[in-house]
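Asks:
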Amino acid sequence: IDNHGYERILVVDLDVHQGNGTAALAADDPRIFTFSMHGAKNYPYHKEQSDLDLPLPDFISDKAYLSLLDYHLKDLFDRIEPQFVFFQSGVDVIRGDKLGRMDLTLDGCKQRDQLVFELCHSNDVPVAVNMGGGYSPEIRRIIEAHANTFRTAAFFYT
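And the structure:
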């Protein structure tokens with residue numbers, strides 16, 4: 038952050054678990070705005086305070102999830118005008134995840150990634166993606182979801 042002189046950094050944490058570590062680390066840094074969209078009733082049970090927390094109900098659908106993300110992410114880009122984005126791309130939001138308790142399909146998770154990468158790309162904002170989550174008993178679903186994130190990034194950046 039210091040080496041590149043960024044003054045407006047947006048953390049987009051879309052793991053099913055609240056971004057408590059990121060919120061705590063960035064709490065006293067006015068350059069970093071933390072946005073966490075997570076399961077309301079999921080771990081951690083004591084949540085840290087992000088700049089914007091969006092607690093979601095169990096078993097939220099693709100349509101409801103994507104609608105909320107689209108609205109809030111566009112609003113944040115308009116208000117903050119980030120110079121850099123850190124994207125926590127948890128795939129524990131997918132239906133059937135042992136710890137996730139959400140109801141996103143693989144396609145819904147891919148659309149989530151598209152929203153993030155498209156906004157970053159269209160606003161010329163560099164993005165660093167961190168893979169996270171994924172506790173499905175079907176390992177191939179986790180692999181496919183993570184691969185979709187990379188495919189989506191490649192679509193916008195190659």
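Under the working numbering, read the sequence shown as residues 38 to 195, first letter to last. Ideal placement from N, C-alpha and C gives every residue a C-beta, glycine not left out.
#1: Just the C-alpha distance for ARG68 and CYS146, rounded to the nearest angstrom, thanks.
#2: To which residues of the same chain is CYS157 closer than 6 Å at the C-beta, ignoring the five residues directly before and after it?
#3: Quick one: residues in its chain with C-beta nearer than 6 Å to the C-beta of PRO92, no 5 flanking neighbours on either side, listed in chain order?
#4: What's the gap between the Cα of PHE72 and the Cα of ASP140?
#5: How many angstroms separate the CA atom of ASP52 from the CA atom of ASN167?
#6: What does DSSP give as the partner residue(s) for ILE69 in the beta ladder?
#7: Report the rounded CA-to-CA distance for ILE97 versus LEU105, giving the unit in angstroms.
#8: Confirm, please, whether the CB-CB distance from SER173 to GLY133 is below 8 Å.
#9: Return the bridge partner residues of LEU89 from the DSSP annotation.
#10: So ASN57 and LYS100 are supposed to be a Cβ contact under 8 Å. How far apart are they, rounded?
#11: Where DSSP assigns a beta bridge to LEU141, which residues make up the other side?
#12: Under a three-way DSSP split, which group does VAL122 fall into?
Replies: According to the structure data:
#1: Their Cα atoms are separated by approximately 28 Å.
#2: Around CYS157: VAL122 and VAL164.
#3: Answer for PRO92: ALA77, listed in chain order.
#4: Straight-line measurement puts the Cα of ASP140 at about 21 Å from the Cα of PHE72.
#5: Roughly 10 Å between the two C-alpha positions.
#6: According to DSSP, which records beta bridges pairwise, ILE69 is partnered with ILE46.
#7: Cα to Cα, the separation comes out at about 11 Å.
#8: The criterion of a C-beta distance shorter than 8 Å is satisfied by GLY133 and SER173.
#9: In DSSP, LEU89 forms a bridge with PHE72.
#10: 28 Å between Cβ atoms; not a contact.
#11: According to DSSP, which records beta bridges pairwise, LEU141 is partnered with ILE131.
#12: Strand at VAL122.
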